[in-house]
Each structure stands twice: as C-alpha cells, then as structure tokens.
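Comments concern the structure below.
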Ligand code: SF4
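In the numbering used here, the protein residues as written are 22 to 349.
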C-alpha cells in the first residue's frame, strides 16, 4: 500500500523551508519515521513534502546558564548517548530509551518525536471514520475499540492519546520549544505545545501553518531525582498504555519541587498538578505518595474499554514517587 503522489523540495535553509512549509498541504520531513508510515496508510496525503533533514539543526549542547539546547534535528539516539544529557537530564534519556526501537531512534529526531501523531488505529486506517484524519467523518473509537484511548482531556470529537515519551519527560523538565515561522521565532512551554481536541481534533499542536520546531531548551534541574515509568503491552517497540515522568527535589527532609506528568492518558502530556501541589512541603513518605496517587486520577472520564487506566495510573504514580523519593 502506498499513498498519493506529492511534490518534493529539499530545503537549503530555514527560510526556504518556512516559505515552502507555509503552503497549504505541505508537510515537513525530517527522519520520516512517522510521516512515511502515515503516507503509506493514506492517513496523511501531503501535496508537498519539504525535506528539512539537511538543515543545520542537529546540535546538542549546554549553554553558559547550564541550559540544554537540543536542535530539532538531533537524532534521538545521539541525544540518549550524549554524556552531558545522561549526567544532568537522565529523565530525557530514560524516556528516549523507552521509545520505539533502536533503528527508529537512529532516524527519529527531537522535533519529529514531538510532532508524531496519535496511534489510534482508526486514524491510521482510511476506511474508518476519524475526525482527526477526515474532519466531520465521526470518531470511530468513541463507540468502538478504545482500550488505548484517553481518560482525560477528550472531547466528543476525539478521544485519542498523544504517543511521545520524550514529550512527557520534557514537560516534567519544564522545557521550552523554540518554533520559527515567517513572522519570527517564538518560545512555547513544552506543556503548551499540544492542544486538546475540542471540536477541531485535526490540529494536534498550537503551531500555525508552516511553523517549524527548531530547538528544545531544557533548564538545569540540580538536586532533583527523576524517573520515567512506562507501562506497555510488550517490553519494547511499544507505545505507553500509561506512563509517568516524575521529578522530585527533597530539601531538609521536605519535598521542595515536584513534577508529575502522565502519558498515554490524554491527547497531550497530562500534568498532574493537584498531585504536585499536595506533595510540596511534605516529607517523602508513603502516606504523601498515596495521597498524590489518589489525586492523580480525580476527574478521570473513562470510556467503555479503558477504565483500567485509572487504577494503573494511580499505581504508576505511586511507584514512580517511591523510586524518586526513596532515601538516597
Ligand atoms: Fe480519530 Fe480521534 Fe476518534 Fe481516533 S479518537 S478515531 S484519532 S477522532
């Protein structure tokens, strides 16, 4: 099976990429690990493919302020192998290593993994109804097979989950996304990049037509401990049923900083803000972790086949907190 014919342009610089990417029906191609399978499945049919893979956006470095800067075209395997990233932002490395396969990580890029589209089977089969792929056609998953779908943030139009592991970790690390458009460059908090479906599920992110992620910046996180806990149906090359990124800093026996973000449960990385707030100022005890785990699932709205995610998420939060909150 293959998709429809398209025009192809290899961008020589960012300006040329942005000009071409702003044309209706254009799609950026970096590692191609998501776009090409989608094209083959006819879930995406770009009229113009703008190849950005040779743009000079693959750098990995730490700046004077101790901020990690990942070029959008940095390969996931290169990020995971970088000693500075491994030493200072191990959560990012853990999330990358939990993603996909070694081969995919060798091709996949930082920008691409943030832009990857949902794994909803209805989205990836053009014979089935899907508002995200074909607006107005209906949501096959809502009354159909929805075991892997959202328990938070869904709408009547779409209940798909976002699939990126790294995106979940980057929200927990308070990262920022740098995006270039024809009007200039802007910065977006990682937690604000992806949007909820509401009535327009065809748009996954807040990026405007032609806008291109150029880099991700991650602030230093001294004194923290972190973990990425991913629960999946098989041990590798599998997306999260539920995942949790946890970052904790304990100072003088009290929790001074907490970030908890869940994956596999919402159309975007799902910040567990009430759990974070409940942890602050408390000693890292089992009682505190249990309270945070209970708060994590308040307000969940399961579908017919994914109610098990509520208990799974609660337990995953508690397990992640036990990992980062255990005595050093
Ligand atoms: Fe499409 Fe979203 Fe419904 Fe899946 S959940 S079928 S992606 S509209």
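Glycine included, every Cβ here is placed at the ideal spot set by N, Cα and C.
- Contact between residue 120 and residue 97 holds, since their C-beta atoms are separated by about 7 Å, short of 8 Å.
- A contact between stretches requires three or more CB pairs, one per stretch, nearer than 8 Å, and the region 295-308 fails this requirement with the region 227-234.
- Under the three-state reduction of DSSP, residue 94 is assigned to coil, being neither helix nor strand.
- Residue 83 and residue 90 have their alpha carbons spaced roughly 6 Å apart.
- Between the alpha carbons of residue 336 and residue 261 lies a gap of roughly 15 Å.
- Look at residue 139: its beta carbon is less than 8 Å from one of the heavy atoms in the ligand SF4.
- At a Cβ-Cβ threshold of 9 Å, residue 59 and residue 70 do not count as neighbours.
- Assigned with DSSP and collapsed to three states, residue 119 falls in coil, not helix or strand.
- Setting aside the 5 residues that flank it on each side, residue 193 is surrounded in the same chain by 266, 268, 280 and 282, each with a C-beta closer than 6 Å to its C-beta; the list follows chain order.
- The beta carbon of residue 218 sits closer than 8 Å to at least one heavy atom of the ligand SF4.
- In this structure, residue 152 has its CB closer than 8 Å to one or more heavy atoms of the ligand SF4.
- Between residue 140 and residue 241, the CB-CB gap reaches or exceeds 9 Å.
- For residue 234, the secondary structure class from DSSP, reduced to helix, strand or coil, is strand.
- Counting other Cβ atoms within 10 Å of its Cβ, residue 247 reaches 16 or more and is therefore classed as buried.
- The Cβ neighbour count for residue 206, taken over all protein chains shown within 10 Å, is under 16; the residue is labelled exposed.
- In this structure, residue 24 sits away from residue 86, with a CB-CB distance that is not shorter than 9 Å.
- For residue 272, the uninterrupted beta strand (DSSP E) segment begins and ends at 263-272.
- When beta bridges are read from the DSSP output, residue 215 appears opposite 226.
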